[in-house]
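Peer 1: Handing you a structure now.
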Amino acid sequence: MASNNSIKKTLIVAFSLCVVCSVVVSSAAVVLKPKQVQNQELDRKSNILQVTELYKPGDNVDEKYAELITPRVVDLKTGKYADNLDPETYDQFEAAKDPATSRTLSGEQDLAGIGRQENYATVYLVGNPDDPEQIVLPIRGQGLWGLMEGFLSVRGDGNTIVGLSYYDQSETPGLGGEVDNPRWKAKWDGKKIYADGGDYQDPQIHLVKGGASGEYQVDALSGASLTSRGVTNMLRFWLSDEGFAPYLARFHHDSQGGA
Ligand SMILES: Cc1cc2nc3c(=O)[nH]c(=O)nc-3n(C[C@H](O)[C@H](O)[C@H](O)COP(=O)(O)O)c2cc1C
Numbered sequence: 000m001a002s003n004n005s006i007k008k009t010l011i012v013a014f015s016l017c018v019v020c021s022v023v024v025s026s027a028a029v030v031l032k033p034k035q036v037q038n039q040e041l042d043r044k045s046n047i048l049q050v051t052e053l054y055k056p057g058d059n060v061d062e063k064y065a066e067l068i069t070p071r072v073v074d075l076k077t078g079k080y081a082d083n084l085d086p087e088t089y090d091q092f093e094a095a096k097d098p099a100t101s102r103t104l105s106g107e108q109d110l111a112g113i114g115r116q117e118n119y120a121t122v123y124l125v126g127n128p129d130d131p132e133q134i135v136l137p138i139r140g141q142g143l144w145g146l147m148e149g150f151l152s153v154r155g156d157g158n159t160i161v162g163l164s165y166y167d168q169s170e171t172p173g174l175g176g177e178v179d180n181p182r183w184k185a186k187w188d189g190k191k192i193y194a195d196g197g198d199y200q201d202p203q204i205h206l207v208k209g210g211a212s213g214e215y216q217v218d219a220l221s222g223a224s225l226t227s228r229g230v231t232n233m234l235r236f237w238l239s240d241e242g243f244a245p246y247l248a249r250f251h252h253d254s255q256g257g258a
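Under numbering that gives the first Met the number 0, think of the first position of the sequence shown as 0, with each following residue one higher.
Here it is, written out as structure tokens:
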């Protein structure tokens, strides 16, 4: 009988252990995948609700989202809804990687530093979708250390901000990471994007170092000029003609009694 120390037995034990472990790990990955997808979905819904300021701790996210939010896909060029794309399945981040469903931005256009931009984006309407109380817009752009991804919520006039919230960013905690500080986030409510009756392609909102005043300025993050510049630049990009300006224009017309 071969001893327990034989090379053959050692290899059999090692091989069996590898097989058992790989079966356990791959089964866990397969079994947990739906749960992971469900949690990502819950996180997305919770971020959308939080930027609208209609979410209270303890609320059931799925119920509140279903009650309040209608997602729609928007053609960024025309500002019209793209009813051929299903907002439940359309993934604008995937679309941004595919040359068939996105465009390359020139250096001059690419204020947000994203390289490519999807042709269609998903927006989230709060309340009656034909006359929404708020419109939640996805925005993203470079901070100091990497891409910052978030949502901007705007009132139904297409001009007054409710909130700005980042769900993914890698800025330094205490410096650029203060974009997550509730006290800084509270400064956005009521600020305006465009000059009233002015040029609705030319966003005025920006961060200012040391004492923001008026409705187009928000305090920059202290000790984090570079992150602050990133925030201003991505807002300017996504709220200009390159981004949601053609879409938001329909709400300015509505609020002025037009079509
Ligand atoms: C370790 C380290 C981390 C930093 N993180 C950030 C950051 O997240 N965002 C930022 O704008 N500046 C950050 N800075 C500071 C920048 O290098 C730069 O000094 C700062 O943006 C200037 O801002 P101020 O003009 O408001 O002082 C960091 C600096 C160091 C040394």
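Beta carbons: idealized from backbone N, C-alpha and C, even for Gly.
Note that the coordinates shown come from a computational prediction; the quantities given were computed from them, not determined experimentally.
From the DSSP output, which residues share a beta bridge with ARG102?
Peer 2: GLN116
Peer 1: Consider the C-beta atom of GLY176 and the heavy atoms of ligand 1; say whether any pair is separated by less than 8 Å.
Peer 2: yes
Peer 1: I need the boundaries of the beta strand (DSSP E) containing LEU151, first residue and last residue.
Peer 2: 146-154
Peer 1: Mind checking ASN180: buried by the 16 CB within 10 Å criterion, or exposed?
Peer 2: The residue in question, ASN180, is exposed, as its Cβ has fewer than 16 Cβ neighbours within 10 Å.
Peer 1: Does the beta carbon of THR159 fall short of 8 Å from some heavy atom of ligand 3?
Peer 2: For ligand 3, the structure offers nothing, since it holds only ligand 1.
Peer 1: How is GLY256 classed by DSSP in three states: helix, strand or coil?
Peer 2: Because GLY256 sits at a pLDDT of 41, beneath the cut-off of 50, its placement in the model cannot be relied upon, and the point is left open.
Peer 1: Which residue marks the beginning of the alpha helix (DSSP H) containing GLN200, and which one marks its end?
Peer 2: From DSSP, GLN200 is part of no alpha helix (DSSP H); its letter is neither H nor E.
Peer 1: Could you check whether the Cβ of LYS55 sits closer than 8 Å to any heavy atom belonging to ligand 1?
Peer 2: no
Peer 1: If we count the other Cβ atoms within 10 Å of its Cβ and call it buried at 16 or more, is SER5 buried or exposed?
Peer 2: Under this definition SER5 is an exposed residue.
Peer 1: Hey, would you say the C-beta of ALA244 is under 8 Å away from at least one heavy atom of ligand 1?
Peer 2: Result no, Cβ not under 8 Å from ligand 1.
Peer 1: Can you determine whether any heavy atom of ligand 1 sits closer than 8 Å to the C-beta of ALA219, and answer yes or no?
Peer 2: yes
Peer 1: Given this structure, state the Cα-to-Cα distance separating GLN168 from THR226, to the nearest angstrom.
Peer 2: Distance between the alpha carbons of GLN168 and THR226: 10 Å.
Peer 1: Closer than 8 Å to a non-hydrogen atom of ligand 1 - does that hold for the CB of LEU206?
Peer 2: no
Peer 1: Could you tell me whether the Cβ atoms of LEU95 and GLN116 are closer together than 9 Å?
Peer 2: Residue identity check: residue 95 is Ala in the sequence provided, not Leu. Yes.
Peer 1: Measuring CA to CA, which of THR51, GLY189, GLU177 is closest to PRO131?
Peer 2: THR51
Peer 1: Taking 8 Å as the cut-off, does the CB of SER224 come closer than this to any heavy atom belonging to ligand 1?
Peer 2: Answer for SER224: yes, Cβ within range of ligand 1.
Peer 1: If the criterion is Cβ atoms closer than 9 Å, does the pair ASP218 and TRP183 meet it?
Peer 2: yes
Peer 1: For PRO33, write down the residues that DSSP places opposite it in a beta bridge.
Peer 2: According to DSSP, PRO33 bridges with nothing at all.
Peer 1: State buried or exposed for VAL72, treating a residue as buried only when at least 16 other CB atoms are found within 10 Å of its CB.
Peer 2: buried
Peer 1: Between the C-alpha atoms of THR121 and PHE243, what's the straight-line distance to the nearest angstrom?
Peer 2: Answer to the nearest angstrom: the Cα atoms are 11 Å apart.
Peer 1: Under the criterion of a Cβ to heavy atom distance below 8 Å, does GLU148 qualify as lining ligand 1?
Peer 2: no
Peer 1: Roughly how many angstroms separate the alpha carbons of GLN255 and ALA248, rounded to a whole number?
Peer 2: Model confidence at GLN255 stands at a pLDDT of 48, short of 50, so the residue's coordinates are unreliable and nothing is read from them.
Peer 1: How is the beta strand (DSSP E) around ASP74 delimited, first residue to last?
Peer 2: 68-74
Peer 1: Which residues does DSSP list as the beta-bridge partners of SER164?
Peer 2: PHE150
Peer 1: Going by C-alpha to C-alpha distance, which of GLY162, ILE113, ASP58, TYR64 sits closest to ILE204?
Peer 2: GLY162
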